[in-house]
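J.: If you're matching positions, the sequence shown starts at 75 in my numbering and goes up one per residue. Ideal placement from N, C-alpha and C gives every residue a C-beta, glycine not left out. Keep in mind it's a predicted model, so treat the numbers as computed, not measured.
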Amino acid sequence: MSHKRPEGTDDILPDQIPLWLRFEQIARGVFGRYGYLEVRPPLFEHTRLFLKTSGDTTDVVEKQMFTVPSRSEGEDSYTFRPELTPGVIRALIENGLFHKRPLWKVFYIGPMFRYEKPQKGRTRQFHQFGVEAVGSKEPLLDVETMAVLADVLREVGVKEFALQVNTLGCPDCREAYRGRVRQAMGERLLEYCESCRRRFERNVLRVFDCKVETCARLAESLPAIADFVCADCRAHFEKVLEGLRDAGLEYVINKRIVRGLDYYSRTVYEFTSTALGAQNALGGGGRYDSLVGGMGGPDVGAVGFAAGVERVLMAAKGVEAPAARPDFFVIAAGEEARRAVFRIAQQLRAAGLAGDLDYESRSVKAQMRRANDLRALYAVIVGPEELAKQQAKIKNMDDGVERVVALAEVAGLIGRARE
Ligand code: AMP
Numbered sequence: 075m076s077h078k079r080p081e082g083t084d085d086i087l088p089d090q091i092p093l094w095l096r097f098e099q100i101a102r103g104v105f106g107r108y109g110y111l112e113v114r115p116p117l118f119e120h121t122r123l124f125l126k127t128s129g130d131t132t133d134v135v136e137k138q139m140f141t142v143p144s145r146s147e148g149e150d151s152y153t154f155r156p157e158l159t160p161g162v163i164r165a166l167i168e169n170g171l172f173h174k175r176p177l178w179k180v181f182y183i184g185p186m187f188r189y190e191k192p193q194k195g196r197t198r199q200f201h202q203f204g205v206e207a208v209g210s211k212e213p214l215l216d217v218e219t220m221a222v223l224a225d226v227l228r229e230v231g232v233k234e235f236a237l238q239v240n241t242l243g244c245p246d247c248r249e250a251y252r253g254r255v256r257q258a259m260g261e262r263l264l265e266y267c268e269s270c271r272r273r274f275e276r277n278v279l280r281v282f283d284c285k286v287e288t289c290a291r292l293a294e295s296l297p298a299i300a301d302f303v304c305a306d307c308r309a310h311f312e313k314v315l316e317g318l319r320d321a322g323l324e325y326v327i328n329k330r331i332v333r334g335l336d337y338y339s340r341t342v343y344e345f346t347s348t349a350l351g352a353q354n355a356l357g358g359g360g361r362y363d364s365l366v367g368g369m370g371g372p373d374v375g376a377v378g379f380a381a382g383v384e385r386v387l388m389a390a391k392g393v394e395a396p397a398a399r400p401d402f403f404v405i406a407a408g409e410e411a412r413r414a415v416f417r418i419a420q421q422l423r424a425a426g427l428a429g430d431l432d433y434e435s436r437s438v439k440a441q442m443r444r445a446n447d448l449r450a451l452y453a454v455i456v457g458p459e460e461l462a463k464q465q466a467k468i469k470n471m472d473d474g475v476e477r478v479v480a481l482a483e484v485a486g487l488i489g490r491a492r493e
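Structure (C-alpha cells):
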C-alpha cells in the first residue's frame, strides 16, 4: 500500500528549508527591532476557547475546525488552532503576565489548521506569523503592527503589496450600525444566499464576509460602518491614518473590510499582493479591545496581525536563499584509511566545522563526486601515505588547488578559509 499525505497539506522538503529559515530569520530580526518577544502556545486548545473568542458564527468556527474528542469523560473536545490570537491571550492571562508588566508585545511563527477546500494558496495546514501588542488602546500601536508587517514584507522581497485600512467602531457605534444594515438588507433579503439569510438573523455583519458573488455585490450597496462611527472612534481612526503617514506607509481606506472574525473593534487592516492569484491576502489584523477583558483578563486594549508564511513566500518568488555549503568532505583513499576518516570527520565536527564522509566504502572517484554534489568547500583526502605521516591532502573544491598539511592543522586551515 502506498501512502499519500492528507489533502491540503504540504511536505516542506530539504531544498525549501533554506528559504523558510531565511524568512524566519528576517521576520525575527524585524520583531526584535520593535521589541516583540516570542511565545509558543500549544498547537491545540480546548474547543471552547475558539467558540468563545473567534465567534461561533464565523466560517472558521462553523466549518473549519479540526476537532478531536477528549478521552476523559465530561471534558471539552480539543481543536487544533485555526489561528493563534486566542491562544496567545489565554497564555498571557493564565500565566499571570499582566501582573508583571502592563504591555506585552509578542510574536509567533507556526502551523495553523483549518478544514478548508484546498486550492492554490489555501491549505488545511499552513503557517502564520503574527504579532499581538496587548495592554494599550493607543492608535500608534495599531500603526506599529502595520509597520512591522510592512517591514517583514519588504525585507523578504515582496515588492508589490497594498495596505487597506478601515474602522469598525466600538461595540456602541456598531449596535446602531447593525440596525442600519438589517434595515437595508431586509429590503432585498430574498436575493441573498441561504447562509446570508441565516446571518441576517444571527449576526448580520457577517454578510460582508460572504464569498458568493451575488451577496458580495449586494453588500456593496449596504451602508459602511466607517460612516457611522462615534466621535471617539473617528478620532482614533484619524490618529491611525496620521501615524501611517508619519511612518511613510502608503494606504487606502477600504470601507468594505470587516475581517473574518468577530472580535475586532476600531482599526482593521489587510495587506494584499498583486503577485498572487485569487488568494491575494498576505495578512491582516486589527484591534480587539474587548477580547482580553472578555476572556477574564484585565480590561486592556490589544492589536495584532496574522499573515500567511506560504503566501508571503509565494509573493516573494525570485528571492533566492542558497543552501549552506558544508565545509568539508573526508575521503578515504584505500581500505586502511576507512577508520581514520570517520575519526577525522569527528574531530573536524568537534572543531565546529560542518561536513560529511562516505560510509559506503565507495571508490575515491565516487567519493569525490559526492563531495562535488554536496558542494563541499574542501575535500580532505587521506590515504596510507598521509596516515603514516599524520597528514592529509586538502583540496579547495572551488579552485582545485591541493596541499598537504598536518592532520592537526586541517581544522584551523579550513576554519580560517571559511571566514
Ligand atoms: P486570517 O486569519 O484568515 O485573516 O488569515 C491571515 C492570513 O493567513 C491570510 O491573509 C493568509 O495569508 C493566511 N491564510 C489563512 N488561511 C490560509 C489557508 N487555508 N492556507 C494558506 N494560508 C492561509
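Look at the alpha carbon of residue 335 and the alpha carbon of residue 226, and state the distance between them as a whole number of angstroms.
T.: Confidence at residue 335 is low in this model, with a pLDDT of 48, below 50, so its placement is unreliable and no value can be given for it.
J.: Okay, do the segment 275-295 and the segment 185-202 touch, 3+ Cβ pairs below 8 Å being the bar?
T.: Contact between the segment 275-295 and the segment 185-202 is absent, because fewer than three Cβ pairs lie under 8 Å.
J.: Any chance the segment 270-290 sits against the segment 309-322, with 3 or more Cβ pairs inside 8 Å?
T.: Output reads no: the segment 309-322 does not touch the segment 270-290.
J.: Residue 466: beta carbon under 7 Å from a heavy atom of the ligand AMP?
T.: Flag unset: Cβ of residue 466 not near the ligand AMP.
J.: Tell me which residue opens and which closes the beta strand (DSSP E) that residue 269 is part of.
T.: Unbroken run through residue 269 is the alpha helix (DSSP H), 268-276; no beta strand (DSSP E).
J.: With a Cβ-Cβ cutoff of 8 Å, do residue 51 and residue 402 count as a contact?
T.: The question about residue 51 has no answer, for the chain in this structure spans 75 to 493.
J.: Identify every run of the beta strand (DSSP E) within the segment 222-291, keeping only runs that are complete inside it and at least 3 residues long; order them along the chain.
T.: Entirely contained in the segment 222-291, the beta strand (DSSP E) runs reaching 3 residues are, in chain order, 235-241.
J.: Answer with buried or exposed for residue 16, where buried requires no fewer than 16 other C-beta atoms within 10 angstroms of its C-beta.
T.: This structure cannot speak to residue 16, because the chain is shown only from 75 to 493.
J.: Could you name the residues of the same chain whose beta carbon sits closer than 6 Å to that of residue 372, not counting the 5 residues immediately before and after it, in chain order?
T.: The residues are 172.
J.: Since residue 344 is in the beta strand (DSSP E), which residue starts that stretch and which ends it?
T.: Residue 344 -> beta strand (DSSP E) spans 339-347.
J.: Are the beta-carbon atoms belonging to residue 123 and residue 160 less than 8 Å from one another?
T.: Result yes, Cβ atoms of residue 123 and residue 160 sit closer than 8 Å.
J.: Straight-line CA distance for residue 177 to residue 203?
T.: When rounded, the distance between both Cα atoms is 20 Å.
J.: Report the residue from 100, 81, 167 whose alpha carbon sits nearest the alpha carbon of residue 366.
T.: Here the closest residue by C-alpha is 167.
J.: Can you tell which of 127, 455, 262 has its C-alpha closest to the C-alpha of residue 410?
T.: Comparing Cα positions, the closest option is 455.
J.: Just to confirm the assignment, what range does the alpha helix (DSSP H) spanning residue 310 have?
T.: Unbroken alpha helix (DSSP H) run through residue 310: 305-320.
J.: Taking just the CA atoms, how far does residue 222 sit from residue 322?
T.: Distance between the alpha carbons of residue 322 and residue 222 is about 13 Å.
J.: Should residue 213 go down as buried or exposed, given a rule of 16 or more other Cβ atoms within 10 Å for buried?
T.: So residue 213 counts as buried.
J.: I need the boundaries of the beta strand (DSSP E) containing residue 197, first residue and last residue.
T.: Unbroken run through residue 197: none, as it is neither H nor E.
J.: Return the bridge partner residues of residue 94 from the DSSP annotation.
T.: According to DSSP, which records beta bridges pairwise, residue 94 is partnered with nothing at all.
J.: Mind checking whether the beta-carbon of residue 161 lies closer than 7 Å to any heavy atom of the ligand AMP?
T.: Checking the Cβ of residue 161 against the ligand AMP gives no.
J.: Only counting the same chain, and skipping five residues up and downstream in sequence, which positions put a Cβ closer than 8 Å to that of residue 422?
T.: The answer, listed in chain order, is 401, 402, 404, 429, 454, 484, 485, 488.
J.: With three or more beta-carbon pairs closer than 8 Å as the criterion, would you say the segment 384-400 touches the segment 227-246?
T.: Contact between the segment 384-400 and the segment 227-246 is present, because at least three Cβ pairs lie under 8 Å.
J.: Within 10 angstroms of its Cβ, does residue 337 collect 16 or more other Cβ (buried), or is it exposed?
T.: Under this definition residue 337 is a buried residue.
J.: List the endpoints of the continuous beta strand (DSSP E) containing residue 430.
T.: That run of the beta strand (DSSP E) goes 429-431.
J.: Less than 8 Å between the beta carbons of residue 181 and residue 251, yes or no?
T.: No; because the gap between Cβ atoms is not below 8 Å, this pair is not in contact.
J.: According to DSSP, which residues form a beta bridge with residue 470?
T.: DSSP output for residue 470 lists 452 as bridge partner(s).
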